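Asks: Here it is, the structure in full.
2 protein chains.
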Amino acid sequence: MPAPADFLKFVDGNEEAFIQRLASAVEIPSISGDPVHREDVFRMASFLESQLQAYGVETKSVPLGSHELDGQKLQLPPAILGRIGNDKSKKTVLIYGHFDVQPAELSDGWTHPPFKLTRDESTGRLYGRGSSDDKGPILGWVNVLQAHHDLKIPLPVNLRFCFEGMEESGSEGLDEFILAEVKKGKDGWFDGVDCVCISDNYWLNTRTPCLTYGLRGLTYFKITVSGPGKDLHSGVFGRMVYEPMTDLIALMSKLVDSSGKILIPGVDEMVQEASEEERQIYEKLDYSIKDVEESAGGSIALSDDKATVLMGRMRSPSLSLHGIEGAFYGARQDRDPREGLREVQHPNVNPLVISYIESEFKKLGSKSKLVIEDLHGGKPWVEDYDHWSYAAAWRATEEIYKQTPDLTREGGSIPVTLTFAEALGVNVLLLPMGRGDDGAHSTNEKLDKSNYIEGTKLLGTYLYEVAEGTKGQ
Amino acid sequence: MPAPADFLKFVDGNEEAFIQRLASAVEIPSISGDPVHREDVFRMASFLESQLQAYGVETKSVPLGSHELDGQKLQLPPAILGRIGNDKSKKTVLIYGHFDVQPAELSDGWTHPPFKLTRDESTGRLYGRGSSDDKGPILGWVNVLQAHHDLKIPLPVNLRFCFEGMEESGSEGLDEFILAEVKKGKDGWFDGVDCVCISDNYWLNTRTPCLTYGLRGLTYFKITVSGPGKDLHSGVFGRMVYEPMTDLIALMSKLVDSSGKILIPGVDEMVQEASEEERQIYEKLDYSIKDVEESAGGSIALSDDKATVLMGRMRSPSLSLHGIEGAFYGARQDRDPREGLREVQHPNVNPLVISYIESEFKKLGSKSKLVIEDLHGGKPWVEDYDHWSYAAAWRATEEIYKQTPDLTREGGSIPVTLTFAEALGVNVLLLPMGRGDDGAHSTNEKLDKSNYIEGTKLLGTYLYEVAEGTKGQ
Ligand SMILES: [Zn+2]
Ligand SMILES: [Zn+2]
Ligand SMILES: [Zn+2]
Ligand SMILES: [Zn+2]
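Chains as they are written, first to last, in the numbering used here: chain A, 1 to 473; chain B, 1001 to 1473.
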């Protein structure tokens, strides 16, 4: 069933207050990857918890232990759990989101201060780090709660919340917590959950809402090549010694070619070629080469064929070289590059990668030393979209946006998705709020005001559509 | 003729004062490559000028104009000129040195603060940025001046000084100044100069003094590959677009291999293979594979054959990859690597390098954009060591060190060397003060106290040996 008209009206009438809510959240620079900002992640957790409490949600702040970051021992930010409704005749929906953000500095090229929500009245864009990833969406849920609280309308489903503060840094501590809760059975926080809804990705383009049923995994490697005991002057040592930089560049050049083809034997082959039928799915998506070029800011698509480009993102493994640490004048001690491999369906790609790099390094015949580290990663995930939760989201999208949603798979990873799917044994839906050009993790991240407001309506409406059938239907 | 005993005694007796002089100079962080420290380079120029004046040298501070650095317009540090003696019956020696230094920060791995001269009493080492490159040597000349001034002994030759403050940053402005002075003929500052002596390099090892008669040139390129308009998330764009980082790594991997061989066709071939006779010169030098490994801090020599390794440094071209600017998470806008090519005798290698990189880039078939910049460089230089100035330095070395000097060529570049040789048409001698493990441009740069003190004696004695013949001999 559609959401009550009062709810939709409330959302439109409280636009300014909702934007102010997002502005308050963006002002807290909750960067999980920077020890300097760890306290801000805790502040952001408290902010979110108090918002939930204000609208009648029972909350719990769960410590997740400590970890080491940049040589410092730090407390992990807590998971913020929430519970509202316990009606056995209603379905129970678990909502996940994260309140940490990527780093951002004005000097990276931001047009506005990244931690001050800045409105562009002419375009309706709300600029700020975290506006789209993922503060906008989690506050969309808070907006839904406020509407029901203030209007004194009961929620159509029971809700459980699980918000974390380490998503941008490998979700440390969360998997263990979820698994431990599930082990508790009836006493666990997630007992009775019928489906999971995550709003932490984006439309494929800037026009068409989508439902997302697959994510690539990620494995992240760090390769260090070392040799001399200190920086060396190329005038004094050039062509006398093995230079780690030369070896490292040689290794990195053997991983992927300019066209995106992965050169590690067996990796591309792990994914079956698409059948003509599967290709049709990609042909039908509302997407064009112009879309990718607009969002990338350059005419740099790997192909002129839309389906090929979309399959590159959604179903093929990809390998990106993320840089080399340090800039210097000689043959420096350590080279510290990072390489990220996005993969589909084969979580055991890592040994293949490591043994390939080792064997290529041996071929160089260098006296440098090689260390390969397997850093944080995320598992790939594909969901069954022939499920009542997807059907509910489909109807809700048609009601709010008057458009048929695209059904997409995504290139990025949200590590917890598969954990929920496996540990809870329920369907997981990705229901994005933002657009394809929002620029998550990039400079000038934004959320369109219309996506924030209509998105809030969408999230609320989704709950009513989920409730349409009685429990178990 | 040997130097007077009084001079040698004065140097030994003033060891502490001389070290204090070096300490005062090291305390001025005269980093020419950093706009923040430009004022310190000017301070260092004044310090040096006042020292010269104190010992009777007529000086002149010559403005060299302005330039742009990191987007700022800056005044270039002045050249400090000096003149003492005008006796037509004496030879006239021109001394060159530089008072600017490389950057240094404690966090780079220095054991002591880099801009405080720190004595290790047990080893006799004097640690500090510029101690060996090139403040120690230029103050060695000041020590010689002080000795003659305080002892009231006339100098055996006429001296001219030319000290600059931009050597570590491409000697900007200096060539033009020298050429303009030479054009003035009789009125030019360098009129009447019979030979040039430069103390700005190092012994080949830690045991044997040397005279240096050749330097490799340097050409320095910056390659920028760009594509997208902003940082891109590898999860969203991986395998959809051409990634500049992939293209850049591919290009860099095609320049040099792990064994040091230059892959740009024609570059290695520009230098003739060594005859068996020339090979013998390298075999005879007091050098071992252990020396290179000790100074590099690792067992990383390219060969077990001493002559091969030495020829790699002294007569072969070498190509070092100096890094990639930036560390990041996505396919970033610009990649900004630097590549330095040390070459011998073929200053016209640049067009070859540029057209090779361009053609390799075309082969990639990428839609990224390539820009190659040819940054500062230095010309290669080889001198005739069968000259009275080298003979004088040879005798002076035997008198002070009781050792026969090595005759070496060097891997590094001192751009002004060739300018002096060509513009003045006189012999240029490189007479180093420091040892092969001093670590110029590296962390923990040092000068051994004995090199500073005996080196001061060597420079003074060299002047007496030059004076041995009457002018014109
Ligand atoms: Zn996110
Ligand atoms: Zn994110
Ligand atoms: Zn120098
Ligand atoms: Zn230097």
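Glycine included, C-beta positions come from ideal geometry on N, C-alpha and C.
Keep in mind it's a predicted model, so treat the numbers as computed, not measured.
Give the residues of chain E in contact with residue 1228/B, contact being defined as C-beta atoms less than 8 Å apart.
Replies: Included in the structure are the protein chains A and B, with no chain E among them.
Asks: Say the cut is 7 Å; is the CB of residue 191/A nearer than that to a heavy atom of ligand 1?
Replies: Result no, Cβ not under 7 Å from ligand 1.
Asks: So does the stretch 1113-1120 of chain B actually touch the stretch 1084-1094 of chain B, counting three or more Cβ pairs closer than 8 Å?
Replies: Result no; under three Cβ-Cβ pairs closer than 8 Å.
Asks: So residue 313/A contacts chain B; which residues on that side make the cut at Cβ distance below 8 Å?
Replies: Going along chain B in sequence order, the residues near residue 313/A (Cβ under 8 Å) are 1236, 1237, 1238, 1239 and 1240.
Asks: Cβ closer than 8 Å: which chain B residues qualify as neighbours of residue 56/A?
Replies: None at all; the shortest Cβ gap to chain B is about 36 Å.
Asks: When you measure from the CB of residue 98/A to every non-hydrogen atom of ligand 1, does any distance come out below 7 Å?
Replies: Residue 98/A: yes, Cβ under 7 Å from ligand 1.
Asks: Cα separation between residue 160/A and residue 93/A?
Replies: C-alpha separation (whole angstroms): 6 Å.
Asks: I want to see whether chain B comes within less than 8 Å of residue 360/A, judged by CB atoms only; does it?
Replies: No, its Cβ sits nowhere closer than 8 Å to a Cβ of chain B.
Asks: Would you mind sorting residue 1379/B into buried or exposed? The rule is 16 or more other CB atoms within 10 Å of its CB.
Replies: Label assigned to residue 1379/B: buried.
Asks: Please state the DSSP three-state secondary structure of residue 73/A.
Replies: DSSP places residue 73/A in strand when its eight states are reduced to three.
Asks: How close, in whole Å, do the beta carbons of residue 1131/B and residue 1026/B come, if the pair is a contact with beta carbons under 8 Å?
Replies: Yes, residue 1131/B and residue 1026/B are in contact; Cβ-Cβ is about 6 Å, under 8 Å.
Asks: Which residues mark the beginning and the end of the beta strand (DSSP E) in which residue 218/A is found?
Replies: That run of the beta strand (DSSP E) goes 217-226.
Asks: Are there 16 or more other CB atoms within 10 angstroms of the CB of residue 250/A, so buried, or fewer, so exposed?
Replies: So residue 250/A ends up on the buried side.
Asks: Hey, how far is the Cα of residue 1311/B from the Cα of residue 1278/B?
Replies: One C-alpha to the other measures close to 10 Å.
Asks: Who are the Cβ neighbours of residue 1330/B in its own chain at under 8 Å, not counting the five residues just before and after it?
Replies: Confidence is the limiting factor: at residue 1330/B the pLDDT is only 33, short of 50, which leaves the residue's position unreliable and the question unanswerable from this model.
Asks: Take every Cβ of the stretch 1217-1227 of chain B, pair it with every Cβ of the stretch 1240-1247 of chain B, and state whether three or more of those distances are shorter than 8 Å.
Replies: Taking 8 Å as the limit for Cβ pairs, the verdict is that the stretch 1240-1247 of chain B does touch the stretch 1217-1227 of chain B.
Asks: Could you tell me if the beta carbon of residue 360/A falls within a distance shorter than 7 Å of some heavy atom in ligand 2?
Replies: It does not: the Cβ of residue 360/A is nowhere closer than 7 Å to a heavy atom of ligand 2.
Asks: Under 8 Å between beta-carbons, which chain A residues line up against residue 1250/B? List them in chain order, please.
Replies: Ordered by position in chain A, the residues that pass the 8 Å Cβ test against residue 1250/B are 253, 257 and 258.
Asks: Would you mind telling me which residues of chain B sit closer than 7 Å to residue 247/A, beta carbon to beta carbon, in chain order?
Replies: Result: 1258.
Asks: Tell me which residue opens and which closes the alpha helix (DSSP H) that residue 390/A is part of.
Replies: Run containing residue 390/A: 388-401, per the alpha helix (DSSP H) assignment.
Asks: Cα separation between residue 288/A and residue 1410/B?
Replies: Roughly 58 Å separates the two Cα atoms.
Asks: Identify the contact partners of residue 1097/B in chain A, using a Cβ-Cβ distance below 7 Å as the criterion.
Replies: Chain A residues near residue 1097/B: none, gap ~17 Å exceeds 7 Å.
Asks: Out of 1213/B, 1425/B and 1305/B, which has the shortest C-alpha to C-alpha gap to residue 1394/B?
Replies: Residue 1394/B has its Cα closest to that of 1213/B, out of 1213/B, 1425/B and 1305/B.
Asks: In the structure shown, what three-state DSSP assignment does residue 1448/B receive?
Replies: Strand at residue 1448/B.
Asks: Output the distance between the C-alpha atoms of residue 359/A and residue 370/A, rounded to the nearest integer angstrom.
Replies: Residue 359/A and residue 370/A: Cα-Cα distance of roughly 11 Å.
Asks: Go to residue 1556/B, then tell me how far its beta strand (DSSP E) extends in each direction, as first and last residue.
Replies: In the structure displayed, chain B extends from 1001 to 1473; residue 1556/B sits before or after that span and is not available.
Asks: Does ligand 3 have even one heavy atom less than 7 Å from the beta-carbon of residue 1167/B?
Replies: Yes, the beta carbon of residue 1167/B sits closer than 7 Å to at least one heavy atom of ligand 3.
Asks: State buried or exposed for residue 1150/B, treating a residue as buried only when at least 16 other CB atoms are found within 10 Å of its CB.
Replies: By the 10 Å Cβ count, residue 1150/B comes out exposed.
Asks: With DSSP run on the structure shown, which of helix, strand or coil describes residue 1355/B?
Replies: Reduced to three states, the DSSP call for residue 1355/B is helix.
Asks: Got a list of residues with beta-carbon closer than 5 Å to any non-hydrogen atom of ligand 3, in chain order?
Replies: That query returns the following residues: 1133/B, 1134/B and 1200/B.
Asks: Measuring straight from C-alpha to C-alpha, what distance separates residue 58/A and residue 356/A?
Replies: Whole-angstrom Cα-Cα distance: 51 Å.
Asks: In three-state terms, what does DSSP make of residue 1046/B?
Replies: Residue state, collapsed to three classes: helix.
Asks: For a contact meaning CB atoms closer than 7 Å, what does residue 1413/B contact in chain A?
Replies: Those are 235, listed as they occur along chain A.
Asks: With 16 as the cutoff for other CB atoms within 10 Å, does residue 349/A come out buried or exposed?
Replies: Flag for residue 349/A reads buried.
Asks: Using C-beta distances below 8 Å, list every residue in its chain close to residue 333/A, excluding the 5 sequence neighbours before and after it, in chain order.
Replies: At residue 333/A, the pLDDT of 35 sits below 50, so the modelled position is not reliable and the matter cannot be decided from this model.
Asks: Kindly list, in the order they appear in chain B, the residues whose Cβ is closer than 9 Å to that of residue 216/A.
Replies: What residue 216/A touches in chain B: 1235 and 1238.
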